Amino acid sequence: MLIVLADARFDPAQADQVRALARPMIEASRAEPGCAGYDYAFDLLEPDLMRVREWWKDEQALKDHFATPHMAAFLKGLHTLKPKFIAIKCHELGPERKMPNAA
794 MLIVLADARF DPAQADQVRA LARPMIEASR AEPGCAGYDY AFDLLEPDLM
844 RVREWWKDEQ ALKDHFATPH MAAFLKGLHT LKPKFIAIKC HELGPERKMP
894 NAA
């Protein structure tokens, strides 16, 4: 399982545009056979910061995701919004562990 974590900063005035652009891409991504989860949110303390979390069954599923028409449309639209910053990291998920100090 792969986890993708992404942060992007936008002008806070663009939040509605970002949501309108992201929603159809997220809906389509969640329907992909290799997608185990896909969500995003704006940070409560930093209104210009959007955080994205994605779960993919394997590397091929993630590669297939980037080849979809909905990702092409999203990336094209994202380019027009001119984000101030984007950082994307991909991690391989290890076995589940008990949370320390959790009841």
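Heads up: the sequence shown begins at 794 in our numbering, then just goes up one per residue.
We treat Cβ as the ideally placed atom computed from N, Cα and C, and that holds for glycine.
Bear in mind that the values here come from a model prediction, so they are computed numbers and not experimental data.
Roughly how many angstroms lie between the CA atoms of residue i and residue j, to the nearest whole one?
| i | j | result |
| --- | --- | --- |
| H863 | I819 | 9 angstroms |
| K877 | V797 | 20 angstroms |
| P826 | D857 | 10 angstroms |
| K882 | M892 | 23 angstroms |
| L838 | P805 | 12 angstroms |
| A801 | M843 | 5 angstroms |
| H872 | F859 | 15 angstroms |
| W848 | Y831 | 6 angstroms |
Only counting the same chain, and skipping five residues up and downstream in sequence, which positions put a Cβ closer than 8 angstroms to that of residue i?
| i | result |
| --- | --- |
| L874 | F803, Q807, Q810, V811 and L814 |
Below 8 angstroms on the Cβ atoms is my guess for residue i versus residue j; work out the distance and round it to an integer in Å.
| i | j | result |
| --- | --- | --- |
| A829 | M794 | 7 angstroms |
List the residues that DSSP assigns as beta-bridge partners of residue i.
| i | result |
| --- | --- |
| K882 | L798 |
| E847 | V797 and Y831 |
Tell me which same chain residues have a C-beta within less than 6 angstroms of the C-beta of residue i, skipping the five on either side of it?
| i | result |
| --- | --- |
| V845 | A799 and Y833 |
In chain order, which beta strand (DSSP E) runs of at least 3 residues are fully inside the segment 814-841?
828-835
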